[in-house]
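Chains A and B, in that order, give the protein sequences. The numbering used here numbers the first residue of the first sequence as 1 and each following residue consecutively. The numbering used here numbers the first residue of the second sequence as 79 and each following residue consecutively. Heads up, the thing below is written out as structure tokens.
Number of protein chains: 2
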Amino acid sequence: MSIQAIFYHAGCPVCVIAENKITDMVDRERFDLEIVHLGDNKSRLDEAEAAGVKSVPALVVDGVPLHINHGADLSALR
Amino acid sequence: MSIQAIFYHAGCPVCVIAENKITDMVDRERFDLEIVHLGDNKSRLDEAEAAGVKSVPALVVDGVPLHINHGADLSALR
Chain A
1 MSIQAIFYHA GCPVCVIAEN KITDMVDRER FDLEIVHLGD NKSRLDEAEA
51 AGVKSVPALV VDGVPLHINH GADLSALR
Chain B
79 MSIQAIFYHA GCPVCVIAEN KITDMVDRER FDLEIVHLGD NKSRLDEAEA
129 AGVKSVPALV VDGVPLHINH GADLSALR
């Protein structure tokens with residue numbers, strides 16, 4: 001069964017660099033990677049926050065939030 | 079040819095969580111992942127800094143630094 005990984009971003013330059021690297025690196029044979037633009041999908045903000053995401057870009061892997069560099073605080077996207 | 083990825087850490091709890099996830103996620107068929115403990119290998123500090131690493135844990139992929147959460151500033155390891 002694939003492990004769930006969600007990459008949250010907001011289309012910012014810092015986000016794009018991280019997205020390119022993460023999508024390239026993740027082993028797609030084992031991980032089901034979803035990319036979520038929180039600016040375009042504000043309905044997913046609560047879910048991201050509940051997972052522990054404080055800023056974007058961030059990757060939530062199997063429930064663990066990994067903040068990757070810093071583009072924008074989640075609060076700035078509300 | 080494998081793409082070079084170096085994970086720099088300092089053995090801190092934040093580092094260990096990130097290390098576990100990153101080593102699990104990276105596609106080893108395509109990426110050559112090296113793990114470097116900067117506390118034990120201070121001779122690698124200059125190299126990490128030159129790659130743009132400001133804090134650990136950090137992953138440098140193909141020359142691009144990705145800071146993953148925040149454990150310690152690089153300056154604290156010197």
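Cβ atoms here follow ideal geometry from the backbone N, Cα and C, with glycine treated the same way. Computed from a predicted structure; not experimentally measured.
Between the region 86-113 of chain B and chain A, which residues of the former have CB atoms less than 7 Å from a CB of the latter, in chain order?
-> Within the region 86-113 of chain B, the qualifying residues are I95, A96, K99, M103, V104, D105, F109.
Who are the neighbours of I146 (chain B) on chain A, taking C-beta pairs under 9 Å?
-> If you number the second sequence from 1, residue 146 (chain B) lands on position 68. Within chain A, the C-beta atoms nearer than 9 Å to that of I146 (chain B) come from L59, L66, H67, I68, N69, in chain order.
Using a C-beta to C-beta distance shorter than 8 Å, which residues of chain B count as neighbours of A5 (chain A)?
-> In the first sequence, residue 5 (chain A) corresponds to position 5, counting from 1. Here the neighbours are M103.
Measure the C-alpha to C-alpha separation of V138 (chain B) and D73 (chain A) and round it to an integer number of angstroms.
-> As a working mapping, residue 138 (chain B) is identified with position 60 in the second sequence. As a working mapping, residue 73 (chain A) is identified with position 73 in the first sequence. Cα to Cα, V138 (chain B) sits roughly 23 Å from D73 (chain A).
Does DSSP classify A136 (chain B) as helix, strand or coil?
-> As a working note, residue 136 (chain B) is residue 58 in the second sequence. Looking at A136 (chain B) - three-state DSSP - the assignment turns out to be strand.
Where the alpha helix (DSSP H) containing V81 (chain A) begins and where it ends = Chain A is shown only over 1 to 78; residue 81 (chain A) falls outside these bounds and no answer can be derived.
Excluding the five sequence neighbours on either side, which residues of its own chain have a C-beta within less than 7 Å of the C-beta of D124 (chain B), listed in chain order?
-> For the purposes of this step, residue 124 (chain B) is taken as the residue at position 46 of the second sequence. Nothing listed; no residue qualifies.
CA-CA distance, T14 (chain A) and H67 (chain A)?
-> In the first sequence, residue 14 (chain A) corresponds to position 14, counting from 1. In the first sequence, residue 67 (chain A) corresponds to position 67, counting from 1. The residue you asked about is not Thr; residue 14 (chain A) is Val in the sequence shown. Approximately 12 Å between the Cα atoms of the pair.
Residue-chain proximity (D62 (chain A), chain B), Cβ-Cβ < 9 Å = Residue numbering aside, residue 62 (chain A) sits at position 62 when the first sequence is read from its first letter. D62 (chain A) has a beta carbon lying within less than 9 Å of a beta carbon in chain B.
Which residues bound the beta strand (DSSP E) around D151 (chain B)?
-> Start at 1 with the first residue of the second sequence, and residue 151 (chain B) comes out as number 73. Looking at the DSSP string, the run of the beta strand (DSSP E) that includes D151 (chain B) is 142-151.
Residue from A:M1, A:A50, A:I35, A:R78 whose Cα sits closest to the Cα of P57 (chain A) | The residue labelled residue 57 (chain A) in the question sits at position 57 within the first sequence. Closest by alpha carbon: A:I35.
Does DSSP put E229 (chain B) in a helix, in a strand, or in coil?
-> No answer is possible for residue 229 (chain B): the residues shown for chain B start at 79 and end at 156.
Sequence-distant residues of its chain with Cβ nearer than 8 Å to E77 (chain A) (five each side left out) = Walking along the first sequence from the start, residue 77 (chain A) turns up at place 77. The residue asked about is misnamed: residue 77 (chain A) is Leu in this sequence, not Glu. Cβ neighbours of L77 (chain A) beyond the five flanking positions: A10, L38, G39, K42, L45, V56.
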